[in-house]
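All remarks here apply to the structure that follows.
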């Protein structure tokens, strides 16, 4: 019996950015401004993505560190309908675990933040010795455009109108 495993297939990427960073605190810190700059250039809101990248890069530097091996940050958009964030390190044997830390703990909340901000996230193993932690964000709904304010005579509250 042959079993086929299928994964969601995304269209060809519209935009892509990939960089290797040193598995140090400095490399992890650099991941966030690089993400913010590229998403800003692409016209995408960087806030949630920057938080996710910061957490995944910190995990790669702390838990995925192997001397002499960098970690990779990749950002990919698909027709502005999806942003995929990937952080790859070379410690496949060190899988992340989502846990609820003690309320006084100073660390251990990174994947809880990723889980809260991402629409989807997961782990891909391989090729050996790599693992990739990925998160996907769907675009935020378009905000209402503030064209004119009128006042409701009954409640005296400004009413917003869509363009």
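Residue numbers (our numbering): 1 to 163. Even for Gly, the Cβ is constructed at its ideal location relative to N, Cα and C.
- C-alpha distance - residue 19 paired with residue 48, whole-angstrom precision: Here residue 19 is taken as the residue at index 19 of the chain shown, counted from 1. Here residue 48 is taken as the residue at index 48 of the chain shown, counted from 1. The C-alpha of residue 19 lies about 20 Å from the C-alpha of residue 48.
- Message: Going by DSSP, what residue range makes up the beta strand (DSSP E) through residue 126?
- Response: Your numbering for residue 126 matches position 126 in the chain shown. Element bounds for residue 126: n/a, residue is neither H nor E.
- Item | Three-way DSSP call (helix, strand, coil) for residue 73 in this model | Taking the first residue of the chain shown as 1, we reach residue 73 at position 73. It is a strand residue.
- Per DSSP, residue 85 is paired with what? Sequence index remark: in the chain shown, residue 85 carries index 85 (1-based). Beta-bridge pairing links residue 85 to 75 and 135.
- When the Cα atoms are used, what is the spatial distance from residue 15 to residue 41? Position 15 of the chain shown holds residue 15. Position 41 of the chain shown holds residue 41. So the two alpha carbons sit approximately 11 Å from each other.
- Item | Identity of the residue in 113, 81 and 68 nearest residue 138 by Cα | Taking the chain shown and counting its residues from 1, one reaches residue 138 at position 138. Answer by Cα proximity: 81.
- Query: To the nearest angstrom, how far is it from the Cα of residue 17 to the Cα of residue 29?
  - Reply: Within the chain shown, residue 17 is the residue found at index 17, counting from 1. Within the chain shown, residue 29 is the residue found at index 29, counting from 1. One C-alpha to the other measures close to 17 Å.
- Task: For residue 19, write down the residues that DSSP places opposite it in a beta bridge.
- Result: Looking up residue 19 in the chain shown gives position 19. Beta-bridge annotation (DSSP): residue 19 is paired with 73.
- Check whether the region 104–122 touches the region 71–79, taking contact to mean three or more Cβ pairs, one atom from each stretch, closer than 8 Å. no
- In chain order, what residues of the same chain lie with their CB nearer than 7 Å to the CB of residue 119, ignoring the 5 residues before and after it? Taking the first residue of the chain shown as 1, we reach residue 119 at position 119. Result list for residue 119: 136, 137 and 138, in chain order.
- What did DSSP end up calling residue 66 once you bin it into helix, strand or coil? Within the chain shown, the letter at position 66 stands for residue 66. The answer is strand: DSSP assigns residue 66 an E or B state.
- Message: Please classify residue 89 as buried or exposed, where buried requires at least 16 neighbouring CB atoms within 10 angstroms.
- Response: Within the chain shown, the letter at position 89 stands for residue 89. Buried, since its Cβ has 16 or more Cβ neighbours within 10 Å.
- Report the option in 103, 106, 127 and 96 whose CA atom is closest to the CA atom of residue 57. Counted from its first residue, the chain shown places residue 57 at position 57. Checking every option, the nearest Cα to that of residue 57 belongs to 96.
- Message: Using 8 Å as the threshold, is the C-beta distance between residue 25 and residue 50 below it?
- Response: Along the chain shown, one-based indexing puts residue 25 at 25. Along the chain shown, one-based indexing puts residue 50 at 50. It is not a contact, given that the beta carbons lie outside the stated cut-off.
- Item | Same chain, Cβ closer than 6 Å to residue 164, neighbours up to 5 away in sequence not counted | There is simply no residue 164 to check, as the chain begins at 1 and stops at 163 in what is shown.
- Message: Just to check my reading of the structure: residue 23 and residue 69 have Cβ atoms closer than 8 Å, yes? What is that Cβ distance to the nearest angstrom?
- Response: Counting from 1 along the chain shown, the entry for residue 23 is found at position 23. Counting from 1 along the chain shown, the entry for residue 69 is found at position 69. Residue 23 to residue 69, Cβ: 7 Å. Contact.
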